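Residue numbers (UniProt numbering): 1 to 346.
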């Protein structure tokens, strides 16, 4: 086979090979050696058959090429801490190759066949968790925002407690320019709750500017097409107006009680008016009084199960909640319900 027909490592430029999300430097002589080895064996694309036995003739050929090429390249020094004693142990290297290619990669291949795209998603999540430490992700965003809110005199405690859960924050993804980050969409988060988070981000940036600091926080941008949140599990038992009405309404009745505090609201009708220099008149209201004022207005878009009578089970689940009757007057339907409201801010 002509060497020009070899496609493996054909795109290697200046002796650099892309491995996962990084680059390794390989001498061009080594790349030429790999191409020559493949050409001699008549293989244009190196790729063992993971559905067959490692001892299959084609798989054995791929193994020979891989081990010989690895041995040649390793001696050139692109890999760190290579022990020549183990490198020359052909039996051990063969076992390591079979385990990595025909067990680990084969398992990933089978999972990908069963659920296309799953391996890429798992790899992406792992990359997020081990990414550069200066990039803020969900847990870092949670800590940074809560610490900032705690420095604002008179900041409503319910805001801090709402944002104290890491999965209430987006795991924004760095763009190709390495500067801006794409804001991901939390399907369970309401647009009004997103306004509050955006308001906090603006205040944090302004605080850095006023203090003469170079902001260490990245620049967020909304994508033209919404990018879904990587981690699907929502924060539990936050006030109902934190959650998207469409997401909440699609939950089974039993799951609504599990995930959402459907008897309490905590956000202003327009959360962008929160944390202003001139405090909102309702800022000083306790949690129960705030809910009493805005609950009827906000609950209209949520399909909340009305509890007619409070059983012992409801009382047990209420825990430290202050149970009291609340009348939701509705001229058209005349709804009277018993709900749980917190005694003070959440």
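For glycine and all other residues, C-beta sits at the position ideal for the given N, C-alpha and C. Fair warning: this is a prediction, and the values are worked out from it, not measured in the lab.
Beta-carbon proximity check, residue i vs residue j, cutoff 8 Å
i, j, result
"residue 97", "residue 66", "yes"
"residue 286", "residue 264", "no"
"residue 280", "residue 267", "no"
"residue 242", "residue 164", "no"
"residue 199", "residue 275", "yes"
"residue 349", "residue 105", "Because residue 349 is not part of the residues shown, which for the chain are 1 to 346, the question remains open."
"residue 272", "residue 195", "yes"
"residue 45", "residue 61", "no"
"residue 294", "residue 240", "no"
Close beta carbons around residue i, own chain, < 8 Å, minus the five adjacent residues each side
i, result
"residue 68", "37"
"residue 143", "none"
"residue 191", "244"
"residue 233", "167"
"residue 207", "148"
"residue 86", "92, 93"
"residue 270", "192, 195"
6 Å CB neighbourhood of residue i in its chain, flanking five on each side removed
i, result
"residue 148", "204"
"residue 122", "none"
"residue 22", "The pLDDT assigned to residue 22 is 47, lower than 50, so where the model puts this residue is not dependable; a value taken from the coordinates is nonetheless given after this. No residues qualify anywhere along the chain."
"residue 139", "166"
"residue 145", "163, 200"
"residue 152", "none"
"residue 41", "61"
"residue 298", "241, 265"
"residue 70", "none"
Buried/exposed call for residue i, threshold 16 Cβ in 10 Å
i, result
"residue 278", "exposed"
"residue 34", "buried"
"residue 116", "exposed"
"residue 169", "buried"
"residue 102", "buried"
"residue 88", "exposed"
"residue 113", "exposed"
"residue 90", "exposed"
"residue 118", "exposed"
"residue 57", "exposed"
"residue 210", "exposed"
"residue 59", "buried"
"residue 109", "exposed"
"residue 100", "exposed"
"residue 48", "buried"
"residue 54", "buried"
"residue 308", "A caution first: residue 308 carries a pLDDT of 42, below 50, which makes its placement in the model unreliable, though a value can still be read off. Flag for residue 308 reads exposed."
"residue 300", "exposed"
"residue 213", "exposed"
"residue 13", "Because the pLDDT of residue 13 is 46, which lies under 50, any placement of that residue in the model is unreliable, and the question is left without a value."
"residue 92", "exposed"
"residue 84", "exposed"
"residue 134", "Reliability of the predicted coordinates at residue 134 is poor, the pLDDT of 35 falling under 50, and no value is obtained from them."
Spatial neighbours of residue i in its chain, beta-carbon cut-off 7 Å, leaving aside the 5 residues before and after
i, result
"residue 82", "74"
"residue 235", "165, 167, 168"
"residue 111", "118, 119"
"residue 52", "59"
"residue 64", "none"
"residue 150", "160"
"residue 188", "234, 243, 244, 247"
Distance cut-off 7 Å: residue i Cβ against heavy atoms of the ligand MN
i, result
"residue 167", "Of the ligands one can find in the structure shown there are none, so the ligand MN has no counterpart to examine."
Integer-rounded CB distance, given that residue j should sit under 8 Å from residue i
i, j, result
"residue 380", "residue 256", "This structure does not reach residue 380, given that the chain is present from 1 up to 346, and the question cannot be answered."
"residue 261", "residue 238", "6 Å"
Length at least 4, wholly inside the stretch 30-118: the alpha helix (DSSP H) runs in chain order: 57-74, 84-87, 90-99, 106-114
Every unbroken alpha helix (DSSP H) within the stretch 236-319, with a cutoff of 4 residues, ordered by chain: 245-249, 253-259, 287-299, 312-318
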